[in-house]
Structure formats: structure tokens, C-alpha cells
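**Student:**
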Amino acid sequence: MTEVQTLLVDWFSREGRDLPWRRTRDPWGILVAEVMLQQIQVARAIPFWEAFLQRFPTPAALAQAPLSVAIRVWGDLGRYRRVVDLHRTAGILVEEYAGQVPDDPEVLRTMPGIGPYTAGATACFAFERDASFVDTNIRRVLHRLFVGLDVPQNSASNREIEAIAARAVPAGAGWSWNQGLMDLGAMICTPRKPKCERCPVSGRCLARPAMEVASESKRVSGNERGVKPSYRYEGTNRYFRGRVLEQLRALPPEEDEAGLRLSDLGARLRPGYSGDDLPWLLGVVHSLEEDGLALAEERAVYDGGGDSGGVVVKLPTRSERAGHERSAPRSDIAVGWSRKGDNGTNNDASKANSPGGAETVGDTGLEPVTSTMST
Ligand code: SF4
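Letter by letter, the sequence shown follows residues 3 to 377 in our numbering.
1) Hey, Gly294 and Val34: beta-carbon distance below 8 Å or not?
2) Distance check for Ala167 and Cys201, CA to CA, integer angstroms please.
3) Should Pro61 be labelled buried (16 or more other beta-carbon atoms within 10 Å of its own) or exposed?
4) Is it true that the stretch 15-28 meets the stretch 173-182, where meeting means three or more beta-carbon pairs spaced less than 8 Å apart?
5) Would you report the Cα separation of Pro68 and Arg206, rounded to the nearest angstrom?
6) Does the beta carbon of Arg210 fall short of 7 Å from some heavy atom of ligand 1?
7) So does Ile190 have its beta carbon nearer than 7 Å to some heavy atom of ligand 1?
8) If you pair each beta-carbon of the stretch 260-279 with each one of the stretch 97-114, do three or more pairs fall below 8 Å?
9) Name, in chain order, the residues that DSSP records as bridge partners for Glu299.
10) Could you say if the stretch 74-86 and the stretch 36-47 meet the contact criterion of at least three C-beta pairs nearer than 8 Å?
11) Near Asp279, what residues of its chain come up, given a Cβ to Cβ distance below 8 Å and the 5 sequence neighbours on each side ignored?
12) For Gly174, count neighbouring Cβ atoms within 10 angstroms of its own Cβ and tell me buried if that reaches 16, exposed if not.
13) Buried or exposed, going by whether 16 or more other CB atoms sit within 10 Å of the CB of Ala212?
14) What I want to know is whether the C-beta of Pro196 ends up closer than 7 Å to one or more non-hydrogen atoms of ligand 1.
15) If Ala65 and Gly93 are in contact, beta carbons under 8 Å, what's the gap, nearest whole angstrom?
16) Taking 7 Å as the cut-off, does the CB of Val11 come closer than this to any heavy atom belonging to ligand 1?
17) Closer than 6 Å by C-beta to Ala47: which residues in its own chain qualify, once you throw out the five before and the five after it? Chain order, please.
18) Can you give me the Cβ contacts of Asp105 inside the same chain, cut-off strictly under 8 Å, excluding the 5 residues immediately before and after it?
19) Go ahead and pull the three-state DSSP assignment for Leu110.
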């Protein structure tokens, strides 16, 4: 190994975080972790990861469960589109790969919601393949280390950083190298005020000489009062998507099929809900339908629609886009898996799940998170 590789790997062996998914090489457990961790803080993800794997310890266990159950077990972790994609991926793994997670990143990338980051991280962390991949932390560390300062803006493109990442992986030590990069970015080489004086690779870092001055000026010019701009999450469409799913998940499973009448749902979400709010509520529900997270059905009086009939909202049982399955027979068995993502891409879940938001991939724990109920 080169000096910088040795320094980082040694530092990781001493200082790396002890995280539950690092104690296993179970490919399914690691795939679930990588899907969950994107834009979610590590400490927050741990109990959800443990609960999800306890209920679905294998792809087969998840594939056999109705999607409504998977959404419930996913709980309040947010980014619910991910569980839809994971459910579909589990079905493909069962049908085409004997229930096993493939070790080839190129194969993994053909699964719903799995992009280059998740595919590479799973191949590396589960199978100890010397794969390279780039998330926000890794990108920042590699840029500073091998290119130079990343302020006021990056001077290397994403493609160039990916090429650097591929060249930098030490043969036979990809697992420790990539984990070390992630931890260095999370704990030492942070976006603001990196702790260069404690950095194990500071002697080999191209950004180090100018970093102190640059980070100081960035801090001052970025916000002279030192107050982060506020962002009011409550009231956004994403907030109410989470609230709708919260209400649907709270129903007893035996009432999944009955669902909630739209008017009842509206009253639970917004005090003083009235007919004027109907277009807003339909918009929220239809956006969930688009992502396969809910179903809205028109029902007659005799069909459970309530006194006056109307729209009923419920959790889906199958991991297909609701709009595609309206005329298909329903089943609690997951069938009809589609390999591609619904948008025809193979982007990581974080990209598919970030309508208008930052598209950070593979968060390793210390990036700001604006939501605990985002969808
Ligand atoms: S020396 Fe500073 S800028 Fe360079 S990798 Fe270490 S923490 Fe980051």
C-alpha cells in the first residue's frame, strides 16, 4: 500500500466507528443498511435496521410479505420510496438469484433503486470486493486529499473524483479503505472546519496548507451571524406525505383493505379540514400513489365507501406503482417484479427519493438532516 493508504487504514483500525452493519458480512443486512443510511443519521438508522432485519432476515422474508407490512416495519424512518424499491428488489432476488444478493456491482445496479453508490458499497462491505464508490463524504475527502481545496467550489468534476476513487482503492484492503474514508469524512474532514490537526493523512493532503484560512473565511462569509437559515418542514408536501402514511400505518392490519375515507384522513391531518382542502389532500395522496406507497380507490356506499361513498385511501399490498395495478387482481403475495426503477433509471434510492432536495448519497452520519418523516 502507499503511505496514504496505510495511514488511513491504520487510523480506521484504531478509531473507526463500531457500527452494527460493520460486524457482519451478511449481504442482505448490508444492502438494507446502505439503502437506509442515505441521508439518514447513523444513530437514527440503527434501531430501524435492527427491527427491519429481525422481521425480514432474508430477501425471501421480505418478498413474501405484503408491501403494507414492509411499510409498517420500515416505521418512521422516512424516505418511504426506498422500502418500495427494496421490496421489489427482494422479489427479484428470490425469482432470479435464488434469494441471494449478487456480489457484482453491475448486477446490483440493475435492481430497483440501487445506483452506483449502493451497488459498490454492498459489493465492498458484504463481499470485501475492492470496489470503489463515492458519497458526499468520500467525495469531499478525496477531493481535498488528491486535488486540493473544495472551496469556494470543487475544482474536480464528479467523474474525475470517481476515477480517483477507483485508483485509490488498495488491493485487498478495499473494505478498510472505504470505511476509513467514510469515517474520516464524518468525523475529521467535515464540510466546515475540518480537524486537520487530528487528521491521520494531513501530511499527504493537498488541501491541508490552505485549509485553515479557507475554512475560516468560508465560515465568516457564509453566515456572518452564525445562524443557519431556517427551513420550515411542517406544512410541506413531504411532511404531509409522511403524515398520511403515519395514519395508514396506524390502522390495524385487518383494516388495511378498508383503508381510510379521504374526509376522515383530512380531518386527522388538518384541524378544520373542509371541502376546500380536497384538492390539496388529493394532491398529497396522488403523489404517494405515484411512488407506489398508497392506493386511492373510488368506492360506492355498498362497497365500504361510507355513508356517501367516495375515495378511500389505503396502503398497497404489492410493490408496484399504484397506477399500474389498478386493473390487476390484488394479492397479498408480492408478484410481478420489475427490474428497472419506475422512472426508468437505476439511480440510488436517495436520488429517486429526493424531490427537489439535496441528492446526497450514502450519508455516513453527520450530514444535516432536515426531516424525520420525509417521504
Ligand atoms: S488534512 Fe484536513 S483537509 Fe486534508 S483530509 Fe485531513 S481533515 Fe481533510
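Every residue gets a Cβ at the ideal spot worked out from N, C-alpha and C, and that includes glycine.
Everything numeric in this text was worked out from a predicted model, so none of it was measured.
**Tutor:** From the atom records:
1) Numbered from 1 along the sequence shown, position 292 holds the residue referred to as residue 294. Numbered from 1 along the sequence shown, position 32 holds the residue referred to as residue 34. Result no, Cβ atoms of Gly294 and Val34 do not sit closer than 8 Å.
2) For the purposes of this step, residue 201 is taken as the residue at position 199 of the sequence shown. For the purposes of this step, residue 167 is taken as the residue at position 165 of the sequence shown. Cα-Cα distance, rounded: 19 Å.
3) In the sequence shown, counting from the first residue as 1, residue 61 sits at position 59. Looking at its Cβ environment, which holds 16 or more other Cβ atoms inside 10 Å, Pro61 is buried.
4) yes
5) As a first step, residue 68 must be located in the sequence shown, where it is residue number 66. As a first step, residue 206 must be located in the sequence shown, where it is residue number 204. Answer to the nearest angstrom: the Cα atoms are 52 Å apart.
6) Counting from 1 along the sequence shown, the entry for residue 210 is found at position 208. For ligand 1, at least one heavy atom lies less than 7 Å from the Cβ of Arg210.
7) Working through the sequence shown from its first residue, we reach residue 190 at position 188. Answer for Ile190: yes, Cβ within range of ligand 1.
8) no
9) In the sequence shown, the residue the question calls residue 299 occupies position 297. Glu299 is bridged to Val314.
10) yes
11) Position 277 of the sequence shown, counted from the start, is the residue given in the question as residue 279. For Asp279, where only same-chain residues beyond five positions count, the Cβ hits under 8 Å are Gly268, Arg272.
12) Against the sequence shown, residue 174 aligns to sequence position 172. Exposed, because fewer than 16 other Cβ atoms sit within 10 Å of the Cβ of Gly174.
13) Stepping through the sequence shown from its first residue, residue 212 is reached at position 210. Exposed, by the Cβ-count rule.
14) One-based indexing of the sequence shown puts residue 196 at position 194. Yes, since a heavy atom of ligand 1 falls inside the 7 Å radius drawn around the Cβ of Pro196.
15) Working through the sequence shown from its first residue, we reach residue 65 at position 63. Working through the sequence shown from its first residue, we reach residue 93 at position 91. That belief holds up - the Cβ atoms of Ala65 and Gly93 are roughly 4 Å apart, short of 8 Å.
16) Sequence index remark: in the sequence shown, residue 11 carries index 9 (1-based). Not under cutoff, so the answer is no.
17) As a first step, residue 47 is located in the sequence shown; it is residue number 45 there, counting from the start. Cβ neighbours of Ala47 beyond the five flanking positions: Met38, Leu39.
18) What you label residue 105 is simply residue 103 of the sequence shown in a count that begins at 1. If we look at Asp105 and ignore the five residues flanking it on each side, its Cβ neighbours are Pro29, Ala125, Ala128, Phe129, Arg131.
19) As a first step, residue 110 is located in the sequence shown; it is residue number 108 there, counting from the start. In the structure shown, the three-state DSSP call for Leu110 is helix.
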